[in-house]
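Heads up: the sequence shown runs through residues 2 to 278, numbered per my numbering. I have placed the structure first, in the form of structure tokens, so that the comments after it can refer back to it.
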Amino acid sequence: MRGGLLHSAAVVRMEGFSLDTERSSLFAPAAVVGVCLLLGLVVGGWVLGSQIKDLKLGDRYVTVKGLVERTVKSDTAIWPVSFKEAGNDLPQVFAKSETDKNSVLKFFATQGVQPNEISVGQIKVTDKLANEYGGTNTGPRYIVEQTVTVQSKDVDRIAKAGQKTAELVQAGIVVGGGNGQGGIRYEFTGLNALKPDMITEATRNARASADRFAADSGSQVGSIRSANQGVFSISPAGGIEEGVVAQDEGGSGMPSSDASIMKKVRVVSTVDYYLVR
2 MRGGLLHSAA VVRMEGFSLD TERSSLFAPA AVVGVCLLLG LVVGGWVLGS QIKDLKLGDR
62 YVTVKGLVER TVKSDTAIWP VSFKEAGNDL PQVFAKSETD KNSVLKFFAT QGVQPNEISV
122 GQIKVTDKLA NEYGGTNTGP RYIVEQTVTV QSKDVDRIAK AGQKTAELVQ AGIVVGGGNG
182 QGGIRYEFTG LNALKPDMIT EATRNARASA DRFAADSGSQ VGSIRSANQG VFSISPAGGI
242 EEGVVAQDEG GSGMPSSDAS IMKKVRVVST VDYYLVR
């Protein structure tokens, strides 16, 4: 009898253990799902909060510009001297053109121009009667044209020589070209070396403008929202009124400031900064 009671108690205890086990097995997946839901809510709230913060931050920004100017001296002078002769006897016209060429070369030599700085272009011969519409042309039949070009790093010497082109006219040479002194072009080729420092300084000036604006508005300057380094331009050092700005990139085909030895390099950078409390 006593053994039967023990057996019954054991059965009850086993059944209780079985129920507890079943309850535990049912509770575990529910707990995992709950934890996952909780984590999802936390992450979702964080993402949503970040997005709202970004939207608010994106509405608060200031656009400022940083200006930098440098005065530089041209480092290259290019002087093409063109001359022409006309007549009805081609050999005579050609001989006269060769005489003109020798006079031009002699003139450059007396001005201290080195032979390696001089190049002689091809001879251009025009026969007016060879043109199918040339039947009504009047005047000399043949025109012979040549060009002697000087390219030198000694811009001061070439500028001084350009003031003496009257000597060529006095020698009977009809000189073509008219921009600047006898058609001299002055170029500055060191722009790439200036760009990094000028961009850095322009950005620094833009940041200073943003700081002043933020201080006046009770804000602080945050990170950069967007930036545009701007277009570099070269104009006469005396001001735009002396010539038209010539852009090195994104130009519009406007006349340049090649006639000026001293030039002004200019860049304006545009930067958007976020404003934070």
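Idealized CB from N, CA, C, for every residue including glycine.
- Task: For the stretch 207-245, list the beta strand (DSSP E) runs that are entirely contained and at least 3 residues long, ordered along the chain.
- Result: 221-229 and 234-237
- Distance between beta carbons of Ser104 and Ile174, contact taken as under 8 Å: Within the sequence shown, the letter at position 173 stands for residue 174. Within the sequence shown, the letter at position 103 stands for residue 104. With a Cβ gap of about 6 Å, Ile174 and Ser104 count as contacting.
- Continuous beta strand (DSSP E) stretch holding Ile119: start and end: To locate residue 119, count along the sequence shown from 1; it is residue 118. Ile119 to Val121 is the span of the beta strand (DSSP E), which, as asked, contains Ile119.
- To the nearest angstrom, report how far apart Glu118 and Ile79 are at their CA atoms. One-based indexing of the sequence shown puts residue 118 at position 117. One-based indexing of the sequence shown puts residue 79 at position 78. Roughly 10 Å separates the two Cα atoms.
- Message: Give me the residue from Arg278, Val269 and Gly239 with the minimum Cα distance to Ile262.
- Response: Working through the sequence shown from its first residue, we reach residue 262 at position 261. The candidate whose alpha carbon is nearest that of Ile262 is Gly239.
- Task: Please name the residue, chosen from Phe84, Asp90, Asp60 and Phe109, that lies closest to Lys161 on a Cα-to-Cα basis.
- Result: Translated into positions along the sequence shown, residue 161 becomes position 160. Out of Phe84, Asp90, Asp60 and Phe109, Phe109 has the C-alpha closest to the C-alpha of Lys161.
- C-alpha distance - Lys66 paired with Phe233, whole-angstrom precision: Taking the sequence shown and counting its residues from 1, one reaches residue 66 at position 65. Taking the sequence shown and counting its residues from 1, one reaches residue 233 at position 232. So the alpha carbons of these two residues sit roughly 14 Å apart.
- Measuring CB to CB, does Val170 end up less than 8 Å from Phe84? In the sequence shown, the residue the question calls residue 170 occupies position 169. In the sequence shown, the residue the question calls residue 84 occupies position 83. Contact: no.
- Query: Could you give the C-beta distance for Glu202 and Val63, rounded to a whole number, given that I count them as a contact under 8 Å?
  - Reply: In the sequence shown, residue 202 corresponds to position 201, counting from 1. In the sequence shown, residue 63 corresponds to position 62, counting from 1. Incorrect: roughly 20 Å between the Cβ atoms, too far for contact.
- Per DSSP, Leu68 forms a beta bridge with which residues? What you label residue 68 is simply residue 67 of the sequence shown in a count that begins at 1. Leu68 pairs with Val269.
- Neighbourhood of Val126 by C-beta, 6 Å cutoff - its chain only, sequence neighbours within 5 removed: Working through the sequence shown from its first residue, we reach residue 126 at position 125. Excluding positions up to five away in sequence, the list reads Val145.
- Item | Lys102 to Val272 span [Cα, whole Å] | Working through the sequence shown from its first residue, we reach residue 102 at position 101. Working through the sequence shown from its first residue, we reach residue 272 at position 271. Taking the straight line from one Cα to the other gives about 55 Å.
- Query: Looking at Gln123 and the ligand NAD, is the gap between the Cβ and the nearest heavy atom below 7 Å?
  - Reply: Of ligands this structure carries none, so the ligand NAD is not represented either.
- Task: Put Thr204 into one of helix, strand or coil per three-state DSSP.
- Result: Here residue 204 corresponds to residue number 203 of the sequence shown, with the count starting at 1. Note: Thr204 maps to helix in three-state DSSP.
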